[in-house]
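Novice: The structure's right below; bear with me while I get my questions together.
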Amino acid sequence: MRTFVHLRSLNKKDKKNMTPIVYPDELILLAQNPEVVLVDARTGPGVKEKYQNLHLQKARFVDLEQDLSEKKANAAEGGRHPLPQAEKFAGVLGQLGITPESHVVVYDDKNGANAAARFWWMLKAMGHEKLQVLNGGMEAAIAAGYPTTHTAEELPTTPTTYPVQNWQLPTVNLSDVEKVTQRTDFIVIDVREAERYRGEKEPIDLVAGHIPGAVNIPFSTNLDQNGFYLPADELKTKYSEALGNTDPSQVIVHCGSGVTACHTLLAMAYAGLEIPSLYVGSWSEWSRNNKPIATEV
């Protein structure tokens, strides 16, 4: 059991060195600071009602489907969760009362593996610095004694204005990925479960398998047996060995729809590594465009 606190994550003056992961005990202390904005990014059927019934005290709600995506009629165009325009996301941030100086902590109920990591990536890609994901998610915070409530957090009556900027972290599209599948100087990482990668099952998308040449490093391997991120040094060793001498600019990470891939990008950032490119469309786009599909290991 942890009995210490990363003081670095509590130091306002050390924004650029702030670890992207915050532990539940740290959050209990951080929540006393009025500059901290806590964001609930849980997903799934009836998630808004779940938030209204119970959430971490002071948390404000965001919806993956409405706030963190701009879905098209056909998932072949950008996948199941395409990124919204930066201006639209800036509007969401303003409604949440988030300014460039806010210290933002985001959580979900899937160990940070789902929309919490996606929200982290999007806000990081806006250039935001004071930003962390709750390690272990909502359940870990409750277990640590963080208070819960069924009263929705009151949003600012006059939304703030978050400066609009383009996405500042690298992304690639379908054409970019197709061009590098035959190149040995690029690495494409598929973070889905091994069974989906091997084509043994596909519970969400229309076709099973993986992008030819992609390697499988399931996002779940970023976590320990208790659902917490592995220590930063272990993650650094893990991904340094996986990438070898490949330049980060030639590494592409994807999943099913560009959401859980952010979990691995967060793990790399936590490890102190440069954040590679995100293929937002991911398997949900690739598999709907008559592209080559591999099922071999």
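Taking the numbering used here, I'd label the letters of the sequence shown as residues 1 to 297. Ideal Cβ placement from N, Cα and C applies to all residues, glycine included.
Residue 132: which of 65, 263, 69 and 18 sits nearest, CA to CA?
Specialist: Nearest of 65, 263, 69 and 18 to residue 132, Cα basis: 18.
Novice: Once the 5 residues before and after residue 281 are set aside, which same chain residues still bring their CB inside 6 Å of it?
Specialist: Within the same chain, residue 281 has close Cβ partners 78, 79 and 174.
Novice: Is DSSP giving residue 283 helix, strand or coil here?
Specialist: Helix.
Novice: To the nearest angstrom, how far is it from the Cα of residue 227 to the Cα of residue 141?
Specialist: In a straight line, the C-alpha of residue 227 is about 12 Å away from that of residue 141.
Novice: Please check the pair residue 35 and residue 103, which I expect to be a contact at CB under 8 Å, by giving their CB distance rounded to whole angstroms.
Specialist: So it is a contact: roughly 5 Å between Cβ atoms.
Novice: How big is the Cα-Cα spacing for residue 33 and residue 254?
Specialist: Rounded to the nearest angstrom, the two C-alpha atoms are 35 Å apart.
Novice: Between the alpha carbons of residue 216 and residue 189, how many angstroms are there, rounded?
Specialist: For residue 216 and residue 189, the distance between alpha carbons rounds to 6 Å.
Novice: Secondary structure at residue 288, three-state DSSP: helix, strand or coil?
Specialist: In the structure shown, residue 288 sits in coil (DSSP, three-state: anything other than H, G, I, E or B).
Novice: Buried or exposed: where does residue 58 fall if 16 or more other Cβ atoms within 10 Å of its Cβ makes it buried?
Specialist: So residue 58 ends up on the buried side.
Novice: Anyone know if the C-beta pair for residue 96 and residue 122 falls short of 9 Å?
Specialist: For residue 96 and residue 122, no; Cβs fall outside 9 Å.
Novice: Look at the alpha carbon of residue 89 and the alpha carbon of residue 66, and state the distance between them as a whole number of angstroms.
Specialist: Rounded to the nearest angstrom, the two C-alpha atoms are 10 Å apart.
Novice: How far does the alpha helix (DSSP H) with residue 197 in it reach, from first residue to last?
Specialist: Its alpha helix (DSSP H) spans residues 194-197.
Novice: Considering only residues of the same chain and omitting the five flanking positions on each side of residue 21, which have a CB-CB separation below 7 Å?
Specialist: Cβ within range, chain order: 132, 133, 135, 229 and 270.
Novice: For residue 54, collect the residues of the same chain with a Cβ closer than 8 Å to its Cβ; drop the 5 residues on either side in sequence, then sort them by chain order.
Specialist: Taken in chain order, the residues that qualify are 148, 149 and 150.
Novice: Residue 120 and residue 211: beta carbons closer than 9 Å?
Specialist: Result no, Cβ atoms of residue 120 and residue 211 do not sit closer than 9 Å.
Novice: Hey, out of 87, 69, 145 and 184, whose CA is closest to residue 303's CA?
Specialist: An answer regarding residue 303 cannot be provided, because it is not within the stretch 1 to 297 covered by the chain.
Novice: Given a cut-off of 9 Å on the beta-carbon distance, is the pair residue 40 and residue 51 in contact?
Specialist: The answer is yes: Cβ separation under 9 Å.
Novice: With burial defined as no fewer than 16 other Cβ atoms inside 10 Å of the residue's Cβ, what is the status of residue 205: buried or exposed?
Specialist: So residue 205 counts as buried.
Novice: Starting from the C-beta of residue 74, find all residues in its chain whose C-beta is less than 8 Å away, skip the five residues before and the five after it, and write them out in chain order.
Specialist: Around residue 74: 288.
Novice: Let's test the definition: count the other Cβ atoms within 10 Å of the Cβ of residue 183 and tell me whether it reaches 16, buried, or not, exposed.
Specialist: So residue 183 counts as exposed.
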